[in-house]
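Colleague: Just dropping this structure here.
Number of protein chains: 2
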Amino acid sequence: MALHIMGFLAFSRGEALTSEVLAETYGTSPVVLRRVLAKLKRAGLVQSRRGVGGGSVLARRADSVTLREVYEAITEDTHLMPPFSENCRGPVAPVLAGYVNELFGEAEQALLAKMQAVTVAEMDRDVSRRILRAKDSGRNA
Amino acid sequence: MALHIMGFLAFSRGEALTSEVLAETYGTSPVVLRRVLAKLKRAGLVQSRRGVGGGSVLARRADSVTLREVYEAITEDTHLMPPFSENCRGPVAPVLAGYVNELFGEAEQALLAKMQAVTVAEMDRDVSRRILRAKDSGRNA
DNA sequence: CATAAACGTAACGTAAATAGTTACGAATAG
DNA sequence: CTATTCGTAACTATTTACGTTACGTTTATG
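Protein sequence lines, in the order shown, are assigned to chains Y and R.
Note that the working numbering has the first sequence beginning at 914, numbered continuously upward.
Note that the working numbering has the second sequence beginning at 914, numbered continuously upward.
Below, the structure is given as structure tokens:
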């Protein structure tokens, strides 16, 4: 959800979006959105203003924020696969646990590397391209 | 857990292991183990025998089973990241959802590729090596 | 200043997933 | 026959995420 919010804000080019509008867009409640926005705000990725005409905007240039930063702003100490419990007995199981945990750890590192290579601005450009292309093909049909 | 079971069975070299033994090893209940074993059995990866002296063994050679097969035997239609809801409105959000879903889909494909490149036998060899090395360093200390 | 808009956050209920427990029937070796 | 072991259902926590309501705070505007 955080990625969606960041993409939407980038697409909106500095115009503040209310949690109400985002909630309608995603078929959920404003509170859910504000909870995610709170984490993004804590990470310094968005800014919000209260009161009439308020809402949220990006706090930094879209081309300076990687998707990895967005991901890490949300998943404090969450993992793709939660690390396997260490309370296993015997000579084999703990070593096996280390092996499997490393495997999934590497997978997560690969995901992070992939996300670090993409900025919010690039995501926005890609999405904008897709929207234009869909419009064009619709016009030609 | 399925990876741990497969590794443990490979390590046991054809000796049947009871769900009781596995449960003690992992500090859980035999029923939990049997539930996982049921899925592995359905996928043709393990065989079980009831009664005295029963237990589970690998149903195929360890060097013919990839970690990907094990993973897919468990995660019927589960994903690392559950695909984002498609019930979002407006011209932007659904396209954005497609983009993000693709991103995580690619990450999962990368994980699958990594797991496909490793057999249960290779995992077993790696774990066995680590156990030996730990023993040696313990002896030298 | 009064009012309406909008955020920030706590409190509570609900739903789904996961794990653990108990129970009991079926199969099997001795 | 009996002890062992699997197979599976049923029930109960426990966790997690989501949704709703509520209320205080901030802010623009007339």
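Note that beta-carbon positions come from the ideal geometry of N, C-alpha and C, so glycine has one too.
Are the C-beta atoms of N1000/Y and some chain R residue less than 7 Å apart?
Modeller: Taking the first residue of the first sequence as 1, we reach residue 1000/Y at position 87. It does: the Cβ of N1000/Y has a partner Cβ on chain R nearer than 7 Å.
Colleague: What residue range does the alpha helix (DSSP H) around G968/Y cover?
Modeller: For the purposes of this step, residue 968/Y is taken as the residue at position 55 of the first sequence. Note, G968/Y: premise wrong, no alpha helix (DSSP H); beta strand (DSSP E) at G968 to L971.
Colleague: What's the call for T988/R, buried or exposed, on a 16-neighbour Cβ count within 10 Å?
Modeller: Here the question's residue 988/R lines up with position 75 in the second sequence. Answer is exposed; the Cβ neighbour count stays below 16.
Colleague: Could you check what DSSP says for T938/R in three-state terms: helix, strand or coil?
Modeller: Taking the second sequence and counting its residues from 1, one reaches residue 938/R at position 25. Here T938/R sits in helix by DSSP.
Colleague: Are the beta-carbon atoms of L950/Y and S925/Y separated by less than 7 Å?
Modeller: As a first step, residue 950/Y is located in the first sequence; it is residue number 37 there, counting from the start. As a first step, residue 925/Y is located in the first sequence; it is residue number 12 there, counting from the start. Not closer than 7 Å, so no.
Colleague: Just to make sure I have the definition right: I need the residues of chain Y whose C-beta is within less than 9 Å of the C-beta of K1027/R. Which are they?
Modeller: Within the second sequence, numbered from 1, the residue matching residue 1027/R stands at position 114. Those are L1016, E1019, A1020 and A1023, listed as they occur along chain Y.
Colleague: CA-CA distance, R974/R and R962/R?
Modeller: Taking the second sequence and counting its residues from 1, the one referred to as residue 974/R is at position 61. Taking the second sequence and counting its residues from 1, the one referred to as residue 962/R is at position 49. In a straight line, the C-alpha of R974/R is about 18 Å away from that of R962/R.
Colleague: Please classify L1045/R as buried or exposed, where buried requires at least 16 neighbouring CB atoms within 10 angstroms.
Modeller: Counting from one through the second sequence, the residue named residue 1045/R turns up at place 132. By the 10 Å Cβ count, L1045/R comes out exposed.
Colleague: From the beta carbon of V1008/R, is the nearest beta carbon of chain Y less than 7 Å away?
Modeller: Numbered from 1 along the second sequence, position 95 holds the residue referred to as residue 1008/R. Closer than 7 Å: yes.
Colleague: Does the Cβ of D976/Y have 16 or more other Cβ atoms within 10 Å, making it buried, or fewer, making it exposed?
Modeller: Taking the first sequence and counting its residues from 1, one reaches residue 976/Y at position 63. So D976/Y counts as exposed.
Colleague: Please report how far the alpha carbon of A1010/Y lies from the alpha carbon of A956/R, in whole angstroms.
Modeller: The residue labelled residue 1010/Y in the question sits at position 97 within the first sequence. The residue labelled residue 956/R in the question sits at position 43 within the second sequence. The alpha-carbon atoms of A1010/Y and A956/R are separated by roughly 23 Å.
Colleague: Please state if the CB of K952/R and the CB of A986/R are separated by a distance shorter than 7 Å.
Modeller: Locating residue 986/R in the second sequence gives position 73, counting from the first residue. Locating residue 952/R in the second sequence gives position 39, counting from the first residue. A contact, by the Cβ cut-off of 7 Å.
Colleague: Closest to L980/Y by CA distance: which of T979/R, V965/R, V978/R and Y1012/R is it?
Modeller: Taking the first residue of the first sequence as 1, we reach residue 980/Y at position 67. Taking only the C-alpha atoms, the option nearest L980/Y is Y1012/R.
Colleague: Quick check for students: name the residue ranges of the alpha helix (DSSP H) that lie wholly in the region 966 to 1008 of chain Y, counting only runs of 4 or more.
Modeller: As summarised for the region 966 to 1008 of chain Y, the continuous alpha helix (DSSP H) elements at least 4 residues long and confined to that stretch are 980 to 987, given in chain order.
Colleague: In the DSSP assignment, the beta strand (DSSP E) including S925/Y goes from what residue to what residue?
Modeller: Residue 925/Y sits at position 12 when you count from the first residue of the first sequence. Per DSSP, S925/Y lies in no beta strand (DSSP E) segment and is marked neither H nor E.
Colleague: Whose CA, out of V1005/R, M914/R and E933/R, lies closest to the CA of G920/Y?
Modeller: Residue 920/Y sits at position 7 when you count from the first residue of the first sequence. Taking only the C-alpha atoms, the option nearest G920/Y is V1005/R.
Colleague: Which residue's Cα is closest to the Cα of L1016/R: P995/R, V1040/R, A1030/R and M1036/R?
Modeller: Taking the first residue of the second sequence as 1, we reach residue 1016/R at position 103. Checked all of P995/R, V1040/R, A1030/R and M1036/R; the closest Cα to L1016/R is P995/R.
Colleague: Going by alpha carbons, who is nearest to S942/Y out of Q1022/R, C1001/R and P1007/R?
Modeller: Within the first sequence, the letter at position 29 stands for residue 942/Y. Out of Q1022/R, C1001/R and P1007/R, C1001/R has the C-alpha closest to the C-alpha of S942/Y.
Colleague: Under the DSSP definition of a beta bridge, which residues are partnered with V959/R?
Modeller: Residue 959/R sits at position 46 when you count from the first residue of the second sequence. Under DSSP, V959/R forms a beta bridge with L971/R.
Colleague: Against E937/R, what residues of chain Y qualify as contacts under a CB-to-CB distance less than 8 Å, listed in chain order?
Modeller: As a working note, residue 937/R is residue 24 in the second sequence. The answer, in chain order, is R1002.
Colleague: Would you mind giving the Cβ-Cβ distance between G1003/Y and T931/R, rounded to the nearest angstrom? I have them listed as a contact below 8 Å.
Modeller: To locate residue 1003/Y, count along the first sequence from 1; it is residue 90. To locate residue 931/R, count along the second sequence from 1; it is residue 18. That pair is no contact at about 14 Å.
Colleague: So, at 8 Å on beta carbons, what are the nonlocal neighbours of H917/R in its own chain, with the 5 sequence-adjacent residues on each side left out?
Modeller: What you label residue 917/R is simply residue 4 of the second sequence in a count that begins at 1. Result list for H917/R: Y939, in chain order.
Colleague: Name the chain Y residues that come within less than 9 Å of I1044/R, Cβ to Cβ?
Modeller: Here residue 1044/R corresponds to residue number 131 of the second sequence, with the count starting at 1. Contact note: I1044/R reaches chain Y through P1004, V1005 and V1008, using a C-beta cutoff of 9 Å and chain order.
Colleague: Taking Cβ to Cβ, would you say L993/R is nearer than 7 Å to E1019/R?
Modeller: Counting from 1 along the second sequence, the entry for residue 993/R is found at position 80. Counting from 1 along the second sequence, the entry for residue 1019/R is found at position 106. Their beta carbons are not under 7 Å apart, which means L993/R does not touch E1019/R by this criterion.
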